[in-house]
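**Q**
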Amino acid sequence: MINVRLNDEKTAVVNLDQTLLPGEIKYSELKELDELYEAIFSLRVRGAPAIGIFAAYALYVLAQKIKPDSFESFQKQVLTLSARLDSSRPTAVNLSTQLRRMERLVSSMQDSPVPEILDAMHREAELIQQEDIQMCRAISEHGLSLLKPGMGVMTHCNAGPLATSHYGTALGPILLAQERGFSPKAFCCETRPLLQGARLTSFELYNAGVDVTLICDNMASIIMSEGKIGAIFVGCDRVARNGDTANKVGTSGLAILAKHYGIPFYVCCPSSTIDSACPSGEHIEIELRNPGEIKEMFFESPVAPEGVKCYNPAFDVTCSSLITGIITERGICTAPYNESLNIFTKR
Ligand code: MRU
Numbered sequence: 038m039i040n041v042r043l044n045d046e047k048t049a050v051v052n053l054d055q056t057l058l059p060g061e062i063k064y065s066e067l068k069e070l071d072e073l074y075e076a077i078f079s080l081r082v083r084g085a086p087a088i089g090i091f092a093a094y095a096l097y098v099l100a101q102k103i104k105p106d107s108f109e110s111f112q113k114q115v116l117t118l119s120a121r122l123d124s125s126r127p128t129a130v131n132l133s134t135q136l137r138r139m140e141r142l143v144s145s146m147q148d149s150p151v152p153e154i155l156d157a158m159h160r161e162a163e164l165i166q167q168e169d170i171q172m173c174r175a176i177s178e179h180g181l182s183l184l185k186p187g188m189g190v191m192t193h194c195n196a197g198p199l200a201t202s203h204y205g206t207a208l209g210p211i212l213l214a215q216e217r218g219f220s221p222k223a224f225c226c227e228t229r230p231l232l233q234g235a236r237l238t239s240f241e242l243y244n245a246g247v248d249v250t251l252i253c254d255n256m257a258s259i260i261m262s263e264g265k266i267g268a269i270f271v272g273c274d275r276v277a278r279n280g281d282t283a284n285k286v287g288t289s290g291l292a293i294l295a296k297h298y299g300i301p302f303y304v305c306c307p308s309s310t311i312d313s314a315c316p317s318g319e320h321i322e323i324e325l326r327n328p329g330e331i332k333e334m335f336f337e338s339p340v341a342p343e344g345v346k347c348y349n350p351a352f353d354v355t356c357s358s359l360i361t362g363i364i365t366e367r368g369i370c371t372a373p374y375n376e377s378l379n380i381f382t383k384r
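Add 37 to the 1-based position in the sequence shown for the numbering used here, that's all there is to it.
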């Protein structure tokens with residue numbers, strides 16, 4: 038199932054609303070700036086690659102409504118729309134990478150009539166999605182080379198087909214292993230507070246017939262200590278030049294545990310998630326979200342006193358020294374990441 042696409046008239050982005058899963062499968066048609074912004078902000082579309090694809094389509098949909106009197110006014114309005122979409126979430130670099138790509142395309146067509154620019158924007162957004170499908174497939178193959186039949190694989194949050202266009206990144210090797218008869222045993226952390234692991238990852242793996250076990254986040258250590266985990270695969274939202282990696286909050290804790298138990302820890306990363314302008318993890322902006330997600334969401338009544346303070350960072354940074362390998366579409370990078378990522382991202 039393709040979770041992000043254009044409608045037949047190409048006037049709206051059709052999005053599978055991830056906030057309703059697994060209970061309800063609902064596709065929404067989104068065409069207004071505020072609702073497109075809200076879909077990213079509220080995680081109706083989520084996962085770094087999917088956000089980037091969604092934003093590229095969104096910009097194309099919005100650009101069609103501009104009534105320009107010159108190229109300059111068209112470009113100015115595209116940039117304003119793009120900036121607004123870009124401000125919806127700060128950590129996943131794919132959002133700004135794909136919007137900048139669309140902006141560069143517009144800038145390069147200043148001698149073309151607007152209908153031609155719009156056609157080119159449509160093609161570019163589709164190309165971004167096609168590239169993502171190929172990247173995920175290649176990452177899945179590279180990741181699969183690290184798995185042995187029947188191996189226990191732990192993952193966190195959701196880096197599956199829902200977070201991309203197909204296969205996913207961290208779930209790709211597990212799904213491919215299942216297809217090829219490797220019978221992997223997946224363990225997915227529920228991923229508090231928004232439960233992407235419980236709602237989305239267990240849903241995707243279970244539907245694919247994978248032997249998947251859901252655990253609470255605080256059970257990761259005991260499962261590792263019991264020898265059930267042969268490798269950990271996670272996705273990522275932004276990779277700095279030195280290999281420090283931002284991913285869903287809780288990821289760095291798993292990496293620290295993995296080091297303690299001697300379990301290899303892999304980050305799956307399409308090149309669109311590598312931020313070569315970012316030297317190290319401390320430069321990555323971490324999104325802070327509403328405390329209500331911790332205290333109220335998913336509970337019938339609040340689970341903590343109304344006035345109690347909550348701290349709700351949506352991501353954390355895993356130090357590159359804890360990462361066994363970064364699996365990109367071009368192969369598996371190892372330390373020193375300053376060198377290997379540089380080689381793997383050169384086009
Ligand atoms: O807040 P989310 O659900 O968008 O966070 C998503 C993650 O942390 C994923 O692991 C990451 O985006 C990689 S998706 C291939």
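A virtual CB, placed ideally from N, CA and C, is assigned to each residue, including glycine.
1) Can you find at least 3 beta carbon pairs, one from the stretch 71–79 and one from the stretch 176–193, that sit closer than 8 Å?
2) So, using beta-carbon positions, are Glu66 and Val82 closer together than 7 Å?
3) DSSP state of Val98, grouped into three classes?
4) I'd like the list of long-range same chain contacts for Arg384, defined as Cβ closer than 6 Å, with 5 residues on each side in sequence excluded.
5) Is it right to say Ala341 is buried, meaning 16 or more other beta carbons lie within 10 angstroms of its own, or is it exposed?
6) For Tyr204 and Asp106, I'd like the C-alpha separation in whole angstroms.
7) Any chance the CB of Arg83 is under 6 Å from a heavy atom of the ligand MRU?
8) Closer than 6 Å by C-beta to Asp45: which residues in its own chain qualify, once you throw out the five before and the five after it? Chain order, please.
9) Would the C-beta of Gly290 count as close to the ligand MRU, meaning under 6 Å from any of its heavy atoms?
10) Can you give me the start and stop residues for the alpha helix (DSSP H) that Glu109 sits inside?
11) DSSP state of Thr282, grouped into three classes?
12) Which residues in the same chain as Gly39 place their Cβ atom closer than 7 Å to its Cβ, once the five residues preceding and following it in sequence are excluded?
13) Would you check whether the ligand MRU has a heavy atom nearer than 6 Å to the C-beta of Cys306?
14) Comparing the CB of Cys225 with every heavy atom of the ligand MRU, is any distance shorter than 6 Å?
15) Inspect the beta-carbon positions of Lys63 and Asp54 and report whether they are closer than 7 Å.
16) Taking 7 Å as the limit between beta carbons, can you name the residues of its chain near Ile331, skipping five residues before and five after?
17) Is it the case that the stretch 84–93 contacts the stretch 270–279, given that we only count it when at least three CB pairs across the two stretches are under 8 Å?
18) Between which two residues does the alpha helix (DSSP H) harbouring Asp248 extend?
19) From Met334 to Phe78, what does the alpha carbon distance come to, in whole angstroms?
20) For Glu319, which residues in the same chain have their Cβ closer than 6 Å to its Cβ, ignoring the five residues on either side in sequence?
**A** So, to answer that:
1) no
2) no
3) helix
4) Because Arg384 sits at a pLDDT of 49, beneath the cut-off of 50, its placement in the model cannot be relied upon, and the following sentence gives the value as read from the coordinates. Result list for Arg384: empty, nothing under 6 Å.
5) exposed
6) 43 Å
7) yes
8) none
9) no
10) Phe108 to Asp123
11) strand
12) The question names Gly, but residue 39 is Ile in the sequence shown. Within the same chain, Ile39 has close Cβ partners Ser202.
13) no
14) no
15) yes
16) Pro230, Cys347 and Asn349
17) yes
18) Unbroken run through Asp248 is the beta strand (DSSP E), Asp248 to Ile252; no alpha helix (DSSP H).
19) 16 Å
20) none
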